[in-house]
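In this text, residue positions in the sequence shown follow the working numbering: the first is 4, and each later residue adds one. Just so you know, even glycine gets a beta-carbon here, dropped at the ideal spot from N, CA and C. Structure record follows, encoded as structure tokens.
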Amino acid sequence: MRFAYLDEAGISNPKHEPYAVVAGVVVNMDSDFRRVEAKIREAVDKYIPNHVYRLGENFSFHSKDLWHGSGLFPRDIFSVKQRMDVLSTIANIIFENNLPIVFGYVDRERVKRELSILYLSANLPLPSNRALLNAEISKCFFRCFKRIEYWMRNNAPQEVCSIAFENNDENRKLISNLQQVLVNKVDRTGVFAESEYFQSNHIVEGPIFLNKRQSPIIQLSDIAAFVLKRKLQKCTRITPIFDIIEGNISHATVSGDTVSLARQPDAIAYLDNVSGR
């Protein structure tokens, strides 16, 4: 049994975050879970030695806080080097435990143009900011979903996989409905065209929604999504962290009716191109 733990990044102001990303790690719950969980707890004990574990909660490493020096890692207490050391440690948990990274991303300006043309052609008012964000997240999730299915078919063909998504009230219904379309044989009228060519054979049930404090492993997804977003934004400072997890990224493409990623360029080549490497 596998779990794909997913998180999102790049969904604030499009001027500052031109790419939206849904990314995460695939975990073998029998052989990987306890070992990876223990490694995350070791990192907590190393960097936050006085942390007290409360009932039902774990310490949460937030990539955004580590990057900017905010939240639980204020810059007046934690230097840039210390914060980057923490990010490196968490990224190394992904690398050392050979956890595959799956993801989907979109150019937000392109989604806006495409959706605006669609609305105007139907004589509808231009899409709201929420409608745009829903479209961005849907496309990201769908593309990530394809990569999960591809990885399962090629690496764990006899197993099934469930999705665990970072909890967000706004996205819960959106993601749940989209997954049902992709998992079940239902009427797809009105669903964006990409889904017409895809049906999952390995991803089962509905998604589970978790808070980061409830699940140490979903913090790895937070790191993966954040790093890929920064890489797409041509951020050179993220390169040392990206280099740690680059080999874990599932980026191969598949042609045909079952799993088609033709609309999304090869991940590594694309990330290298936009980052100026």
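query, result
"With a Cβ-Cβ cutoff of 7 angstroms, do S66 and F229 count as a contact?", "yes"
"Could you tell me if D172 is buried or exposed, where buried requires 16 or more neighbouring beta carbons within 10 angstroms of its beta carbon?", "exposed"
"Thinking C-beta only, is L181 closer than 7 angstroms to V3?", "Because the chain spans 4 through 280 in this model, residue 3 falls outside it and cannot be assessed."
"For A46, which option in F6, E162, R133 and S91 has the closest C-alpha, if you only look at C-alpha atoms?", "S91"
"Can you tell me whether A225 is buried or exposed? The criterion is at least 16 other CB atoms within 10 Å of its CB, across all chains shown.", "The residue you asked about is not Ala; residue 225 is Asp in the sequence shown. By the 10 Å Cβ count, D225 comes out buried."
"Short of 7 angstroms in beta carbon distance, which residues of its chain neighbour D68, apart from the five on each side in sequence? Order them along the chain.", "G74, L75 and F76"
"Among the candidates D79, N126, I140 and L129, whose CA atom is the shortest distance from the CA of G107?", "I140"
"In terms of residues, what are the limits of the beta strand (DSSP E) holding D35?", "First-last for D35: undefined, no H or E at that position."
"Can you tell which of N126, P160, R233 and F144 has its C-alpha closest to the C-alpha of P210?", "F144"
"Can you tell me where the beta strand (DSSP E) holding A7 begins and where it ends?", "R5 to A12"
"Does N16 come out as helix, strand or coil in the three-state DSSP assignment?", "coil"
"Which class does R133 belong to by DSSP, given the choice of helix, strand or coil?", "helix"
"Excluding sequence positions up to five away, which residues of its chain have a Cβ less than 7 angstroms from the Cβ of A138?", "V114 and L118"
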